[in-house]
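*Asks:* Here it is, the structure in full.
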Amino acid sequence: MTDCVKTYFDAFNAGDTDAMLDCLTDDVAHHVNEGKIRTGKPAFAEFCAHMSRCYRENLTDMVIFSGAGGTRAAAEYMVNGTYLETDEGLPEARGQSYRLPAGSFFDIRDGKIARVTTYYNLADWMAQVK
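Sequential numbering of the sequence shown, starting at 1, is according to the UniProt record's numbering.
As structure tokens, then:
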């Protein structure tokens, strides 16, 4: 049941937040790296708007895994990005490029993503944008 995960990442790379939201349950739990859990599509949309303002990212080298039963999935990929606008508490943005490995984990319910958990090495990112 990784179709929704592939669709989600295709929408991410297209910069299509609405299509990403279509892949999620209304009560989606969004576990961000180094941050608080956000619950629900409105909180997820707000996060995406913030990210789009501060970062331009494209994911490559995508490998998607699915668990038995189709209720769990994971993905490993490379984040290729540009730091566009200074994000609060982070180094000043000057258009720096970065490239770092990342991964996401998913709970799938009724063909939609009910949980997204994303991990990357923040220290690696910080060193690249200094």
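The beta carbon of each residue, even a glycine, is placed where N, CA and C say it ideally should be.
Keep in mind the model is a prediction, meaning the values are calculated, not measured.
Relative to the alpha-carbon of Glu85, which residue among Arg94, Ala75, Val116 has its alpha-carbon at the smallest distance?
*Replies:* Residue numbering aside, residue 85 sits at position 85 when the sequence shown is read from its first letter. Nearest option by C-alpha distance: Arg94.
*Asks:* Is His50 buried or exposed, if buried means 16 or more other CB atoms sit within 10 Å of its CB?
*Replies:* In the sequence shown, the residue the question calls residue 50 occupies position 50. The residue in question, His50, is exposed, as its Cβ has fewer than 16 Cβ neighbours within 10 Å.
*Asks:* So, helix, strand or coil for Arg38, using DSSP?
*Replies:* For the purposes of this step, residue 38 is taken as the residue at position 38 of the sequence shown. Three-state result, Arg38: strand.
*Asks:* How long is the line joining the alpha carbons of Glu57 and Met78, rounded to whole angstroms?
*Replies:* Residue numbering aside, residue 57 sits at position 57 when the sequence shown is read from its first letter. Residue numbering aside, residue 78 sits at position 78 when the sequence shown is read from its first letter. In a straight line, the C-alpha of Glu57 is about 10 Å away from that of Met78.
*Asks:* Please state the DSSP three-state secondary structure of Ala93.
*Replies:* Looking up residue 93 in the sequence shown gives position 93. Coil.
*Asks:* Would you mind sorting Val63 into buried or exposed? The rule is 16 or more other CB atoms within 10 Å of its CB.
*Replies:* Position 63 of the sequence shown, counted from the first residue, corresponds to residue 63. Classification for Val63: exposed.
*Asks:* How about Phe47 and Arg38: are their beta carbons less than 7 Å apart?
*Replies:* Against the sequence shown, residue 47 aligns to sequence position 47. Against the sequence shown, residue 38 aligns to sequence position 38. Yes.
*Asks:* With 16 as the cutoff for other CB atoms within 10 Å, does Ala127 come out buried or exposed?
*Replies:* Within the sequence shown, numbered from 1, the residue matching residue 127 stands at position 127. By the neighbour-count rule (16 or more Cβ atoms within 10 Å), Ala127 is not buried but exposed.
*Asks:* Between the C-alpha atoms of Thr25 and Asn121, what's the straight-line distance to the nearest angstrom?
*Replies:* Taking the first residue of the sequence shown as 1, we reach residue 25 at position 25. Taking the first residue of the sequence shown as 1, we reach residue 121 at position 121. In a straight line, the C-alpha of Thr25 is about 27 Å away from that of Asn121.
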